[in-house]
Each structure stands twice: as structure tokens, then as C-alpha cells.
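Residue numbers (our numbering): 128 to 246.
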């Protein structure tokens with residue numbers, strides 16, 4: 128599951144709450160899968176990706192769904208300023224996140240192949 132570093136933040140913001148719920152759900156599934164793998168010979172992996180700020184237009188694209196963004200100049204300005212501030216540090220390039228996901232999958236597959244070869 129793709130979560131967010133926001134899952135670890137203490138906030139009443141709905142975004143943080145939903146990301147925390149997704150992380151908790153993923154950890155619960157991981158725990159249940161781990162228990163069932165002891166009983167059968169399944170090899171299932173559960174991952175929860177929690178990157179920091181990724182350089183996307185997430186904030187602006189979300190605002191575009193809101194009618195106020197298109198009709199209220201003050202709201203549009205606030206969203207645009209927030210987007211600029213949000214990405215002020217540059218954020219993680221989205222390609223880096225994708226690369227890390229594929230690197231992790233390859234690492235898991237490599238480890239799995241090593242384990243199968245040693246059996």
C-alpha cells in the first residue's frame with residue numbers, strides 16, 4: 128500500500144487520519160499473513176510505502192475538483208500559495224519513489240530466490 132509519512136503524524140487532518148488508517152490496516156494484514164504462513168508454505172509479502180513529500184501536483188489537482196478553486200479568486204490564491212510552500216523544499220522526485228519501489232520488489236524476489244535455492 129502507498130501511504131505517507133503523514134500516517135505517523137499526530138493530526139486531526141482527514142488526510143493524516145486516512146493515511147494512518149491505511150498503515151494500521153496494512154500492519155494488521157501483515158500480522159495475519161505472517162501467522163498463516165507459519166501454517167502453510169505461502170510466500171506473500173506485504174509492504175507499506177510511507178514516503179515524505181513527493182513532488183507532484185497533488186494539492187492543486189485536489190483543489191481543482193472543488194468548485195471554489197475555479198470561482199473564488201481568494202481560495203485559488205491560497206491553494207496556489209500552499210502548493211508552492213508544500214513543494215518549496217523540492218519534495219522527492221516521483222521517479223525516485225517509483226525506483227525505490229521496484230528496487231524493493233527486486234530485493235524481495237532476490238532474497239526469495241536465495242531461500243528457494245538453499246532448500
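Note that CB positions come from ideal geometry on N, CA and C, so glycine has one too.
All of these numbers come straight from a predicted model, not from anything done at the bench.
Helix, strand or coil at residue i according to DSSP, with G and I counted as helix
{"i": "residue 171", "result": "coil"}
{"i": "residue 240", "result": "helix"}
{"i": "residue 160", "result": "helix"}
{"i": "residue 128", "result": "coil"}
{"i": "residue 88", "result": "Nothing in the structure corresponds to residue 88, since the chain is present only between 128 and 246."}
Closest by C-alpha distance to residue i, when choosing among the options
{"i": "residue 222", "options": "205, 149, 240 and 178", "result": "178"}
Beta-carbon contacts of residue i that lie in its chain and below 7 Å, excluding the five residues immediately before and after
{"i": "residue 235", "result": "172"}
{"i": "residue 170", "result": "239"}
{"i": "residue 218", "result": "180, 181 and 182"}
{"i": "residue 226", "result": "none"}
Distance CB(residue i)-CB(residue j) smaller than 7 Å
{"i": "residue 209", "j": "residue 203", "result": "no"}
{"i": "residue 174", "j": "residue 129", "result": "no"}
{"i": "residue 158", "j": "residue 146", "result": "no"}
Same chain, Cβ closer than 6 Å to residue i, five either side skipped, listed in chain order
{"i": "residue 220", "result": "182"}
{"i": "residue 151", "result": "none"}
{"i": "residue 156", "result": "173"}
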